[in-house]
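Residue numbers (the numbering used here): 813 to 918. Note that CB positions come from ideal geometry on N, CA and C, so glycine has one too. Note that the coordinates shown come from a computational prediction; the quantities given were computed from them, not determined experimentally.
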């Protein structure tokens with residue numbers, strides 16, 4: 813059921829229902845993409861922390877935390893990967909490859 817802004821008339825139309833459902837599903841997909849991007853950024857930040865070679869103690873601690881978070885497949889890591897749309901095993905495998913490249917380049 814649709815009502816105009818001034819509530820002067822109401823009408824029922826199957827086409828409008830389908831359009832609104834389609835619009836809602838498109839909006840839902842867009843929102844899901846935004847959330848996936850956000851959680852993907854969390855994984856990216858862990859990869860950046862993991863491969864950093866900063867001298868500050870804080871950064872070294874973040875590097876260790878990132879390594880443990882990815883390598884040990886913590887529950888929250890699995891959840892973040894799920895929300896980002898990635899397999900946790902795939903992300904861990906890629907992180908290990910990147911780490912090996914960084915270690916071999918030194």
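Check, Outcome
"Looking only at its chain, what residues have a beta carbon closer than 7 Å to the beta carbon of residue 876, apart from the 5 residues adjacent to it on each side?", "none"
"In chain order, what residues of the same chain have a beta carbon less than 7 Å from the beta carbon of residue 867, not counting five sequence neighbours either side?", "none"
"Among 845, 871 and 878, which one has its Cα closest to the Cα of residue 904?", "878"
"Between residue 910 and residue 863, how many whole angstroms is the CB-CB distance? I'm expecting something under 8 Å.", "6 Å"
"Could you have a look at residue 856 and say whether DSSP puts it in helix, strand or coil?", "helix"
"From this set, 912, 902, 908 and 894, which residue's C-alpha is nearest residue 848's C-alpha?", "894"
"What residue from 888, 880 and 851 has the CA that sits closest to residue 908's CA?", "880"
"Out of 902, 865 and 900, which has the shortest C-alpha to C-alpha gap to residue 917?", "865"
"Taking C-alpha atoms, which residue in 840, 846 and 882 lies nearest to residue 860?", "882"
"Considering just the uninterrupted stretch of the alpha helix (DSSP H) at residue 917, what are its terminal residues?", "900-917"
"Roughly how many whole angstroms lie between the Cα atoms of residue 871 and residue 856?", "16 Å"
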